[in-house]
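Notes to accompany the following structure.
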Amino acid sequence: VEVAVGVGGGHYAPSFTDIALKRAVAFGHMLPEYALQEAISSPEVIEEMVKRTPGAAVCYTHSTGRSKELVRRAASIIAQMGLEIR
């Protein structure tokens, strides 16, 4: 089973649910679109999300037009921690 975190999407994270159900992926934490701006302002929140997901190796992203840049910035912080971005 692949352990992952998710960035973007809505509160109920339907795209991450689809990934979890169709592939062998277990999501530890998810950062929804509405919380991205605040999390980027405090990168330690994003770092803590990754640290508190033992075994996380991948970050799945989901963005719409309006959130694309915020998702990219959050994913950049996560990539610096060594996770693969998908």
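Per this note's numbering: the sequence shown = residues 505 to 590.
Ideal placement from N, C-alpha and C gives every residue a C-beta, glycine not left out.
Could you please give the first and the last residue of the uninterrupted beta strand (DSSP E) stretch that includes Ala508? Its beta strand (DSSP E) spans residues 506 to 512.
What are the residues that DSSP puts in a beta bridge with Phe531? For Phe531, the pairing in a beta bridge is given by DSSP as Ala508.
Flag this pair as yes or no: are the beta carbons of Glu542 and Met585 separated by less than 9 Å? The answer is no: Cβ separation not under 9 Å.
Could you say which of Leu587, Gly512, Arg577 lies nearest to Gly559 if we only look at CA atoms? Nearest Cα to Gly559 within the set Leu587, Gly512, Arg577: Leu587.
Could you name the residues that DSSP lists as bridge partners for Thr565? According to DSSP, which records beta bridges pairwise, Thr565 is partnered with Val511.
Straight-line Cα distance separating Arg556 from Val549: Spanning the two alpha carbons is a distance of roughly 11 Å.
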